[in-house]
Amino acid sequence: MKPRHKRMMLIGGGVAALALSATLVLSAFQKNLVFFFSPSQVANKEAPQNRTFRIGGLVEAGSVKREADGLTTTFVVTDTANRIAVSYKGALPDLFKEGKGVVTQGKLDAGGLFVASEVLAKHDENYMPPEAAHAVDQAQKAQKSVVQN
Amino acid sequence: MNSSVKAVSDKLSAAPGGINWFKYASPQTFYPLAGRLIPLFAWPALLLFAVGLYVSFFVAPTDATQGDSYRIIFIHVPAAWMSMIIYLAMAFWCALGMIFNTRLSFMMSQALAPTGAIWTFLALWTGALWGKPTWGAWWVWDARLTSELILLFLYLGYMALVAAMDDPRRADRAGAVVAIVGAINVPIIYFSVKWWNTLHQGASVSMTSAPKMASIMLMGMLIMALAAWAYSIAVVLVRVRAIMLERERNTDWVAQMLENRP
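Residue numbers (our numbering), protein chains in the order written: chain V, 403 to 551; chain L, 1027 to 1288.
In C-alpha cells form, the structure reads like this:
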C-alpha cells in the first residue's frame, strides 16, 4: 500500500469513527436538545416537573383573552391532541396570532395553568405575498364548506 | 516535500493517456491561473449583487405575515448556505493536503477561512435582527442557532491555531485536524431543524420538496446566493494569491516573477 493510500484510509476511517461517535452522543442527548415540549408530551409527564421549561404548539383559535388589567393575556396552546392553558403578563410579539405557532417558557402551577415568563412567536417556513395568503385562505374556506355540505 | 509532489506529478503525467491532475497543484502554476480567474468571478458577483438587491428590495412583494422584515432572507439564507459550504470546502482541501502532501491545498483552506467566518457572522447577525421583531427575542439557545454559533467558533479557532504556529507545515496539519473534525458540525446545523424541536423554522428550500415560498421571492434569494458564490470565489482567489506570495517568498519562481514584472 502506498503511503498516500494509507493516509487516505486513516482520514476516511477517522471521519467515519467521528461521525459514528457524534451520532451516538447526539442521540443520547436527544431529549436535552429539545427546545420545547408539545402539550402531548406534557400530558404524558415527559416535561420536567417543578422547573421552568418551554411548551410549543399552535395558539388555539378563539382562545386569546385579555384580562381587565390590560397586561395579562390568557390563551390555549394546542397540538390538536392535547391542550394547555397559558397565562402571560407582558407584551406579545407581533407575529403572535390565533392559529399560528408559539413557543412559551414558564412553569405549571398546581391547577395545571402554565404561567409563562416569555412568549415567542414561531414562524413557519412558508413565505408568500398577502394576495397569495388571501387566496389560500379563500380556498381553504371553500374546501371546508364543500366537506360540510 | 516539493520533490515528493513533483515525483507524484511526474509519474501521473507519464501515465499513457492520463490527465495531469497535479498540473495546477503547485503554487508556481496556480498563481497565474488564479489571477486570470479572479475577474471571471468578480464581475459576475458585482452584476448579480446589483440585480439580486434590486429584486430583493423593489420587485419581491412583502410577506403576508412578516411584512417587510422577511427581506432579511435575501442576505441571511445565502450567508448561512455559504458558511456551511465553505467549511466543507476547507475540510475537503485539508483532507486532500493531508493525503497528497500538497501545500497549495492547505493554502486554499487558509484562504477560505476568513470568508467563511464573515458569512457565518452575517448569518447570525441578520438572524438576530430578524428574530427580535418576528420571534420576540434576539437570541435563543435552540439547536440551529447554537450549532451555527459553534461553526463561528470553529472558524475562529482554525484561524487562531494556524496563525499561532511559527512552522507553516505544522500549522497546516494542526489546522487540518480542526477543519476535518469540525466538518461533523455542518450536517448537524443543516438537519437540526428536522431532528429536534427548534424555534428556527424548517427549510423553505430543500432538495427533497418543492420550495415553500413565492417564486419571485425564491428568485431573488437564488440570485443573491449565486452572487455570494461568485463573490466568495473571487475573494478567496485573491487571498490565496497573497498567501502563496507570502509563503513562497524565498523561492525562485517568486523572484523570477518579480524580476519579469514590467
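No residue lacks a Cβ here, since even glycine has one placed at the ideal position from N, Cα and C.
The structure displayed is predicted, hence computed values, not measured ones.
Taking residue i as part of the beta strand (DSSP E), name the residues at either end of that continuous run.
i: Thr506 of chain V; result: 503 to 510
Cutting at 7 angstroms between CB atoms, please list the residues of its own chain near residue i, excluding the five before and the five after it.
i: Ser1230 of chain L; result: Pro1237, Lys1238, Met1239
i: Asp511 of chain V; result: Val517
i: Ser1218 of chain L; result: Ala1169, Arg1170, Ser1173, Thr1224
i: Val1264 of chain L; result: Ile1064
i: Val1081 of chain L; result: Met1245, Gly1246, Ile1249
i: Leu1074 of chain L; result: Ile1249, Leu1252, Ala1253, Ala1256
i: Pro1194 of chain L; result: Arg1273
i: Met1134 of chain L; result: Trp1119, Val1266
i: Ala1189 of chain L; result: none
i: Met1270 of chain L; result: Pro1053, Tyr1057, Met1133
i: Phe438 of chain V; result: Arg456, Ile457, Gly458, Val505
i: Ile1099 of chain L; result: Met1247
i: Trp1156 of chain L; result: Ser1095, Ile1098, His1102
i: Ile1176 of chain L; result: Asn1211
Between residue i and the rest of its own chain, which residues show a CB-CB distance below 6 angstroms, the 5 nearest in sequence each way excluded?
i: Tyr1096 of chain L; result: Asp1089
i: Asn484 of chain V; result: Pro441, Ser442, Ala445
i: Leu1148 of chain L; result: Ala1105
i: Pro1070 of chain L; result: Ala1256
i: Phe1067 of chain L; result: Ala1256, Ile1259, Ala1260
i: Phe1294 of chain L; result: Here chain L comprises residues numbered 1027 to 1288, so residue 1294 of chain L is not present and cannot be evaluated.
i: Glu520 of chain V; result: Gln507
i: Trp1145 of chain L; result: Ala1105, Met1108, Ser1109
So who's on the other strand from residue i, going by DSSP bridges?
i: Val1219 of chain L; result: Answer by DSSP bridge pairing: none, since Val1219 of chain L is not bridged.
i: Gly1138 of chain L; result: Reading off the sequence shown, one finds Leu at residue 1138 of chain L, where the question assumed Gly. Note: Leu1138 of chain L sits in no beta bridge, so no partner.
i: Val1188 of chain L; result: Note: Val1188 of chain L sits in no beta bridge, so no partner.
i: Phe516 of chain V; result: V:Val488, V:Leu510
i: Val521 of chain V; result: V:Thr506
Residue range of the alpha helix (DSSP H) that residue i falls in?
i: Pro1194 of chain L; result: 1194 to 1208
i: Glu500 of chain V; result: Looking at the DSSP string, Glu500 of chain V is not in any alpha helix (DSSP H), and its letter there is neither H nor E.
i: Arg1265 of chain L; result: 1241 to 1273
i: Trp1279 of chain L; result: 1278 to 1286
Is the closest heavy atom of the ligand ZN to the C-beta of residue i under 7 angstroms?
i: Thr475 of chain V; result: The ligand ZN is not part of the structure shown, which contains no ligands of any sort.
For residue i, which residues from the same chain have a beta carbon less than 8 angstroms from its beta carbon, with the 5 sequence-adjacent residues on both sides left out?
i: Ala1186 of chain L; result: none
i: Pro1087 of chain L; result: Ala1240, Ile1242, Met1243
i: Met530 of chain V; result: Val538
i: Leu428 of chain V; result: Leu435
i: Gly1228 of chain L; result: Val1219, Lys1220
i: Ala1154 of chain L; result: Trp1164, Trp1165
i: Ala1041 of chain L; result: No answer about Ala1041 of chain L holds up, because its pLDDT of 48 lies below 50 and its placement is not dependable.
i: Ala463 of chain V; result: Glu500, Gly501
Practice item. Let me know the beta strand (DSSP E) ranges lying completely inside the segment 525 to 551 of chain V, each 3 residues or longer, listed in chain order. Key: Runs of the beta strand (DSSP E) inside the segment 525 to 551 of chain V: none found.
Practice item. Mind listing, in chain order, the continuous beta strand (DSSP E) runs of no fewer than 3 residues lying wholly within the segment 413 to 493 of chain V? Key: 455 to 461, 474 to 480, 485 to 491
**Study point:** Under 7 angstroms (Cβ pairs) to chain A, residues found in the segment 491 to 517 of chain V
**Key:** As a matter of chain content, chain A is missing from the structure shown, whose protein chains are V and L.
Review point. At which residue ranges does the segment 1047 to 1133 of chain L contain complete alpha helix (DSSP H) runs of 4 or more residues, listed in the order of the chain?
Key: 1053 to 1080, 1099 to 1126
Check your understanding: Counting pairs of beta carbons, one from the segment 471 to 487 of chain V and one from the segment 1132 to 1150 of chain L, are three or more of them closer than 8 angstroms?
Key -> no
Exercise for review: Could you say if the segment 1049 to 1066 of chain L and the segment 1205 to 1218 of chain L meet the contact criterion of at least three C-beta pairs nearer than 8 angstroms?
Suggested key: no
Review point. Are the segment 410 to 424 of chain V and the segment 446 to 466 of chain V touching by the rule of at least three beta carbon pairs closer than 8 angstroms?
Key: Contact between the segment 410 to 424 of chain V and the segment 446 to 466 of chain V is absent, because fewer than three Cβ pairs lie under 8 angstroms.
Check your understanding: If we count Cβ pairs, one from each stretch, closer than 8 angstroms, do we get three or more for the segment 1154 to 1168 of chain L versus the segment 489 to 506 of chain V?
Key -> yes
Review point. Does the segment 1120 to 1128 of chain L touch the segment 405 to 415 of chain V, meaning 3 or more C-beta pairs lie closer than 8 angstroms?
Key: yes
Exercise for review: Would you be able to state if there are at least three C-beta pairs under 8 angstroms between the segment 1173 to 1184 of chain L and the segment 1107 to 1123 of chain L?
Suggested key: Yes, the segment 1107 to 1123 of chain L touches the segment 1173 to 1184 of chain L.
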